[in-house]
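So the structure is just underneath, and the comments pick up after that.
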Amino acid sequence: MKSNSKTKVFLNIGLLAIFIAVIIYVMDNSLSDIFAQLMETSWIVVALVILLGVVYQIVEGRSIKEIASYFQKDFTTKDGFFTSCYVAFYRVISFGTGTLLSEIYFYKKKGLAVSQGVGVTALHMIMYKVAVIFLSVLGLIFQFSLFYERAPKMIPFILVGVGLTFAIIFSLLILSSSINLQVMLISWTNKHFKRKKLRDWVDKCNLQIYSLRETVQTITKDRSAMIRIFGWNVAKLLFWYVIPYVVLVENHPNIDFLLVLSFTSFSVILSGVFPTPAGIGPFEFVYLLLFKPLVGTVDAVSSLLLYRFGSFVLPFLIGFIYVLVQKRREIKLGLHAVREEKKEV
Numbered sequence: 003m004k005s006n007s008k009t010k011v012f013l014n015i016g017l018l019a020i021f022i023a024v025i026i027y028v029m030d031n032s033l034s035d036i037f038a039q040l041m042e043t044s045w046i047v048v049a050l051v052i053l054l055g056v057v058y059q060i061v062e063g064r065s066i067k068e069i070a071s072y073f074q075k076d077f078t079t080k081d082g083f084f085t086s087c088y089v090a091f092y093r094v095i096s097f098g099t100g101t102l103l104s105e106i107y108f109y110k111k112k113g114l115a116v117s118q119g120v121g122v123t124a125l126h127m128i129m130y131k132v133a134v135i136f137l138s139v140l141g142l143i144f145q146f147s148l149f150y151e152r153a154p155k156m157i158p159f160i161l162v163g164v165g166l167t168f169a170i171i172f173s174l175l176i177l178s179s180s181i182n183l184q185v186m187l188i189s190w191t192n193k194h195f196k197r198k199k200l201r202d203w204v205d206k207c208n209l210q211i212y213s214l215r216e217t218v219q220t221i222t223k224d225r226s227a228m229i230r231i232f233g234w235n236v237a238k239l240l241f242w243y244v245i246p247y248v249v250l251v252e253n254h255p256n257i258d259f260l261l262v263l264s265f266t267s268f269s270v271i272l273s274g275v276f277p278t279p280a281g282i283g284p285f286e287f288v289y290l291l292l293f294k295p296l297v298g299t300v301d302a303v304s305s306l307l308l309y310r311f312g313s314f315v316l317p318f319l320i321g322f323i324y325v326l327v328q329k330r331r332e333i334k335l336g337l338h339a340v341r342e343e344k345k346e347v
């Protein structure tokens with residue numbers, strides 16, 4: 003028992019040290035340009051970017067709460083807020099590989115079963131992508147003539163982006179809610195897996211998949227809930243999409259508000275399908291491709307860096323503070339347990 007408490011303390015201290023080392027590396031290599039841009043930007047613009055980024059996280063928290071509270075009544079908007087920031091932190095720390103697992107783990111800590119956590123994560127992703135499609139199509143409809151004039155070759159890519167995003171949504175819904183797929187999976191495993199250990203593992207997986215399907219169906223059958231969740235997802239994206247306008251309008255007072263929102267929306271949906279040169283992120287490449295002819299290279303890059311701060315760095319920093327507080331609490335509890343064990347001896 004004593005060694006177990008000590009192991010937990012050392013493990014938490016070790017993880018904290020690894021986190022700090024990775025953060026220093028990321029700050030130095032990936033985020034230095036963003037912080038340099040912050041230093042060169044007026045405090046009013048920076049304050050507005052931070053405000054929009056925080057409001058996004060609050061609205062995101064509400065959208066998560068609308069889903070998770072179906073299975074954990076005590077789950078609040080505040081919990082949803084910290085879910086989003088916690089996931090943002092692990093997205094950076096794990097270089098993207100731990101994003102989904104960190105979200106499921108957070109729900110588990112809040113009392114949801116693993117299958118429920120997977121269901122909430124899947125629906126969270128689905129509703130986000132539905133909102134992305136909705137705003138992109140809306141932007142294409144209202145800005146079609148202007149967009150056709152400025153970048154006609156991009157229109158087919160946007161339509162492909164919408165199609166691929168819709169295919170992802172459809173696949174996620176099928177995987178998480180189809181009874182036929184589950185029956186096919188069981189039939190296949192019954193035919194090929196004969197050993198007892200494998201059979202037991204398959205039975206456990208089958209129960210988890212059944213629970214996942216129940217979880218997804220519980221929410222998708224409630225139309226009013228789906229409309230609310232969709233509405234919150236559209237609202238949260240608008241707070242992100244308005245950041246480039248806030249940054250650019252200072253030097254370009256005549257810039258069209260809806261065009262900036264549409265271009266940002268197109269950047270998000272095209273980032274998953276557009277081929278990009280090595281070393282440049284897909285979102286960054288598409289964003290600069292659209293905005294450089296509109297505002298020039300310098301202002302396009304500046305607005306991109308500030309957008310990345312509000313949408314990527316800010317939630318990561320909040321998530322880091324949250325994880326730091328949690329790890330500090332765990333270390334204190336571990337040290338207290340070690341001291342209590344020493345007294346007993």
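By the numbering used here, the letter at position 133 of the sequence shown is numbered 135, and the numbering carries on one by one without gaps.
Where is the CB? At the ideal position from N, CA and C, for every residue including glycine.
Please read these numbers as outputs of a predicted model, since none were measured by experiment.
Classify residue i: buried if its beta carbon has 16 or more other beta carbons within 10 angstroms, exposed otherwise.
i    : result
P255 : exposed
V300 : exposed
F172 : exposed
R215 : buried
P279 : With a pLDDT of only 47 at P279, under 50, the local geometry of the prediction cannot be trusted, and the value read off the model is given with reservation. Per the 10 Å Cβ criterion, exposed.
A169 : exposed
R310 : buried
D81  : buried
F37  : exposed
F265 : buried
F12  : exposed
G312 : buried
G298 : exposed
L148 : exposed
L53  : exposed
I160 : buried
G321 : buried
I229 : exposed
M186 : exposed
F97  : exposed
M3   : Note that M3 scores a pLDDT of 45, beneath 50, so its modelled location is shaky and nothing firm can be said.
Do you know offhand how far residue i's Cα is from residue j's?
i    : j    : result
P158 : L142 : 11 Å
Q145 : F259 : 11 Å
L1   : V218 : Within the shown structure, residues of the chain are numbered from 3 to 347, placing residue 1 beyond reach of any answer.
G233 : I271 : 18 Å
L239 : Y58  : 7 Å
A115 : W242 : 31 Å
T220 : L18  : 38 Å
I95  : G165 : 31 Å
A70  : L125 : 10 Å
G281 : D224 : Bear in mind that the predicted position of G281 carries a pLDDT of just 42, short of 50, making it unreliable; the figure below should be weighed with that in mind. Rounded to the nearest angstrom, the two C-alpha atoms are 44 Å apart.
S34  : A153 : 32 Å
T349 : V315 : The structure shown has nothing for residue 349, since the chain only spans 3 to 347.
F77  : T85  : 11 Å
V61  : V236 : 10 Å
G113 : S104 : 15 Å
S267 : F91  : 24 Å
I257 : I245 : 13 Å
E252 : V162 : 34 Å
L306 : E286 : 7 Å
G336 : G16  : 14 Å
L308 : L263 : 15 Å
Y289 : K334 : 45 Å
G100 : C87  : 13 Å
F21  : T9   : 18 Å
L50  : V248 : 7 Å
I176 : Q39  : 44 Å
A227 : V47  : 36 Å
G55  : K155 : 32 Å
L261 : M127 : 26 Å
E151 : A302 : 20 Å
T222 : I231 : 11 Å
P1   : S273 : In the structure as shown, the chain begins at 3 and stops at 347. Residue 1 is therefore absent and cannot be evaluated.
T73  : V89  : Just to set this straight, residue 73 is Phe in the shown sequence, not Thr. When rounded, the distance between both Cα atoms is 20 Å.
Q129 : T167 : Contrary to the premise, residue 129 reads as Met rather than Gln in this sequence. If you take the alpha carbons of M129 and T167, they lie about 11 Å apart.
K75  : L250 : 42 Å
Does any residue of chain D bring its CB to less than 9 Å from the CB of residue i?
i    : result
G283 : Among the protein chains of the structure shown there is no chain D, as only one such chain exists.
Quick test of the definition: if touching needs 3 or more C-beta pairs under 8 Å, does the region 103-110 touch the region 41-60?
no
Is the region 288-295 touching the region 11-27 in the sense that three or more CB pairs, one from each, lie closer than 8 Å?
no
Touch check for the region 112-126 and the region 135-155: three-plus C-beta pairs under 8 Å?
no
Quick one: any contact between the region 329-336 and the region 59-71, if contact means 3 or more CB pairs under 8 Å?
no
Tell me the start and end of each unbroken alpha helix (DSSP H) in the region 237-264 that is at least 4 residues and wholly inside, in chain order.
245-250
Which complete beta strand (DSSP E) runs does the region 35-93 hold, if anything under 3 residues is left out?
none
List in chain order: all unbroken alpha helix (DSSP H) runs of 4+ residues lying wholly within the region 106-179.
116-144, 146-152 and 156-179
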